[in-house]
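What follows is a single structure, written as structure tokens, with notes after it.
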Amino acid sequence: MIKKLNRNFYNQPTLKVAKELLGKYLVVKMNGEILSGKIVETEAYIGYKDPASHAYRGMTPRNSVMFGDPGYTYVYFTYGMHHCLNLVTEKKRYPAAVLIRALEPTSGIESMKKRRKRKDLKDLSSGPAKLCQALGVDLKLNGADLCSDIIYVEDRGETIEKIGSSSRIGITEEKKRKWRFFIRNNEYASR
DNA sequence: TGAATGATCACG
DNA sequence: GTGATCATTCAT
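Under my numbering, think of the first position of the first sequence as 73, with each following residue one higher.
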């Protein structure tokens with residue numbers, strides 16, 4: 073049985089959401105076309121005390137959606153050319169989100185290949201900026217409602233056997249927190 | 001290993 | 001306004 077994740081799902085402890093998102097399906101509707109992929113890698117960014125989080129120094133125009141209600145997207149632009157997609161978690165005024173780091177493409181694959189200018193399936197969405205490019209996610213989708221029909225996550229009843237964890241990628245100095253989660257032995261994770 | 005490439009933020 | 005930084009990717 074397939075069901076769309078509701079706001080209650082996102083209104084839970086972020087580490088739990090980050091782990092439970094593995095094996096779920098991210099769906100984006102672009103120009104009447106359905107693009108989707110299985111989530112195989114995530115990272116958690118939690119609260120004011122997480123030095124790696126954009127919310128560490130308080131609310132700014134860019135990160136304000138992280139401080140809002142759960143179940144919305146937080147999309148940001150970085151390195152002058154890349155977008156990354158987060159799903160906002162936990163209650164209002166508590167800044168937290170899960171970064172979607174990698175997908176296993178499942179539908180809209182031809183369209184993803186065209187946008188990525190790559191044809192190897194493992195090069196389509198095996199990184200946070202790659203999957204945004206593949207799905208056409210940009211700043212126009214910042215703050216989008218995950219309970220809408222534009223972008224959402226589906227539970228297709230799959231269970232994950234082995235979840236791995238590690239420190240987060242691209243974070244200098246921060247190694248203590250093992251807040252990156254991935255499906256073990258999955259070909260489509262990053263690195 | 002380093003270049004690409006520009007928004008964002010802290011500072012003053 | 002300015003300068004440093006950047007939750008990355010790709011080619012060398």
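Glycine included, C-beta positions come from ideal geometry on N, C-alpha and C.
Same chain only: Cβ atoms within 8 Å of residue i, ignoring 5 sequence neighbours per side
i: residue 248; result: 239
i: residue 255; result: 94, 95, 112, 113, 232, 234, 235, 236, 261
i: residue 263; result: 241
i: residue 199; result: 173, 174, 262
i: residue 210; result: 147, 149, 155, 204
Residue range of the unbroken beta strand (DSSP E) whose run includes residue i
i: residue 98; result: 97-102
i: residue 265; result: Residue 265 is absent from the structure shown; the chain starts at 73 and stops at 263.
Start-to-end residues for the alpha helix (DSSP H) that takes in residue i
i: residue 139; result: Note, residue 139: premise wrong, no alpha helix (DSSP H); not H, not E.
i: residue 183; result: 181-188
i: residue 82; result: 79-82
i: residue 124; result: Careful: residue 124 lies outside any alpha helix (DSSP H) and carries neither H nor E.
i: residue 87; result: 86-92
Sequence-distant residues of the same chain with beta carbon closer than 7 Å to residue i, five excluded per side
i: residue 201; result: 154, 155, 156
i: residue 105; result: 180, 183
i: residue 194; result: 259, 260
i: residue 250; result: 237, 238, 239
i: residue 187; result: 205, 206, 208
Beta-bridge partners of residue i, as assigned by DSSP
i: residue 223; result: 100
i: residue 217; result: 144
i: residue 117; result: 169
i: residue 252; result: 115, 238
i: residue 159; result: 145, 170
i: residue 75; result: 227
i: residue 106; result: 101
i: residue 177; result: 109
i: residue 150; result: 154
Supposed close pair residue i, residue j - CB separation, criterion 8 Å
i: residue 203; j: residue 130; result: About 28 Å separates the two Cβ atoms, so there is no contact after all.
i: residue 138; j: residue 146; result: 5 Å
i: residue 74; j: residue 228; result: 5 Å
i: residue 213; j: residue 98; result: Contact doesn't hold; Cβ gap of about 12 Å is too wide.
i: residue 165; j: residue 148; result: Not a contact, Cβ separation roughly 20 Å.
Close Cβ partners of residue i (< 6 Å) along its chain, the five nearest in sequence each way excluded
i: residue 107; result: 100, 180, 207
i: residue 90; result: 114, 116, 170, 253
i: residue 223; result: 100, 216
i: residue 225; result: 77, 96, 98
For this session: Please determine if the region 175-191 and the region 129-144 are in contact, where contact requires at least 3 C-beta pairs separated by less than 8 Å.
Result: No, the region 175-191 does not touch the region 129-144.
Exercise. Three or more C-beta pairs closer than 8 Å, one from the region 162-172 and one from the region 123-138: is that the case here?
Worked result: yes
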